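Residues in the sequence shown are numbered from 326 upward in steps of one, following our numbering. The beta carbon of each residue, even a glycine, is placed where N, CA and C say it ideally should be. Quick caveat: nothing in here was measured; it's all calculated off a predicted structure. Scroll down for the structure; my scribbles are underneath it.
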Amino acid sequence: MSNDKVNQSKKLNFEHSGDNDKTIEEEFDRELNILPINEDLQKLTADEVHHTPELIKEAGELIGKIHASAQVDHSKRSAAMKFFKNCAEDRDVVRPIRAVCLKKIYKLMPEWRIATAISHELIPESVSALAFKLP
Numbered sequence: 326m327s328n329d330k331v332n333q334s335k336k337l338n339f340e341h342s343g344d345n346d347k348t349i350e351e352e353f354d355r356e357l358n359i360l361p362i363n364e365d366l367q368k369l370t371a372d373e374v375h376h377t378p379e380l381i382k383e384a385g386e387l388i389g390k391i392h393a394s395a396q397v398d399h400s401k402r403s404a405a406m407k408f409f410k411n412c413a414e415d416r417d418v419v420r421p422i423r424a425v426c427l428k429k430i431y432k433l434m435p436e437w438r439i440a441t442a443i444s445h446e447l448i449p450e451s452v453s454a455l456a457f458k459l460p
């Protein structure tokens, strides 16, 4: 499979058509399933690894959109926190994206007042260390 096809298959889309919590949660679950995984990084060309790969940039944009959407619409916050938790704990998701999700949890728990239990045994020290370096 060419890199273009890999990147196209991983295109991140963020649109919500429903208003109920279940629909939002299902949408966030679908988005979680298209985050880049370690296997995707192995398919990158030598040129692509010298820059931030598009699939990493797109995943970062998706995380930002989920955060922004839940910031405006409080009914999406629980589902967003679940997304960030699942992302941070998913061993297959690439380390930088896991770190961004973990940082979101630490930052948003006090602001949104949503307690989120994190399974620290699922999060390697390298992900935690990177999360704490993020602004």
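**Asked** By how many angstroms is the C-alpha of D415 removed from the C-alpha of N358?
**Response** Counting only the Cα atoms, D415 lies some 10 angstroms from N358.
**Message:** Check this for me: beta carbons of I381 and F353, under 9 angstroms apart or not?
**Reply:** no
**Asked** On the three-pair Cβ rule with 8 angstroms, is the stretch 438–455 touching the stretch 415–427?
**Response** Short answer: they touch.
**Request:** For P460, I'd like the list of residues in its chain whose CB is within less than 6 angstroms of its CB, leaving aside the five on either flank, ordered along the chain.
**Result:** none
**Prompt:** How is I391 classed by DSSP in three states: helix, strand or coil?
**Reply:** helix
**Asked** According to DSSP, is V397 helix, strand or coil?
**Response** helix
**Asked** Do K401 and the ligand FMN come close, with the Cβ less than 8 angstroms from some heavy atom?
**Response** No copy of the ligand FMN appears in this structure; indeed no ligand is present at all.
**Asked** According to DSSP, which residues form a beta bridge with V425?
**Response** Per DSSP, none; premise fails for V425.
**Asked** Any contact of the stretch 432–442 with the stretch 400–419, i.e. 3+ C-beta pairs under 8 angstroms?
**Response** They touch, by the three-pair rule.
**Request:** Could you tell me if R355 is buried or exposed, where buried requires 16 or more neighbouring beta carbons within 10 angstroms of its beta carbon?
**Result:** exposed
**Item:** Sequence-distant residues of the same chain with beta carbon closer than 7 angstroms to E420, five excluded per side
**Value:** According to the sequence provided, residue 420 is Arg. The question's Glu does not apply to it. Contacts found: S451, V452, L455.
**Asked** If you draw a straight line from the alpha carbon of Q396 to that of R402, how long is it in whole angstroms?
**Response** Their backbone Cα atoms lie some 7 angstroms apart in a straight line.
**Item:** Close Cβ partners of M434 (< 7 angstroms) along its chain, the five nearest in sequence each way excluded
**Value:** A440, T441
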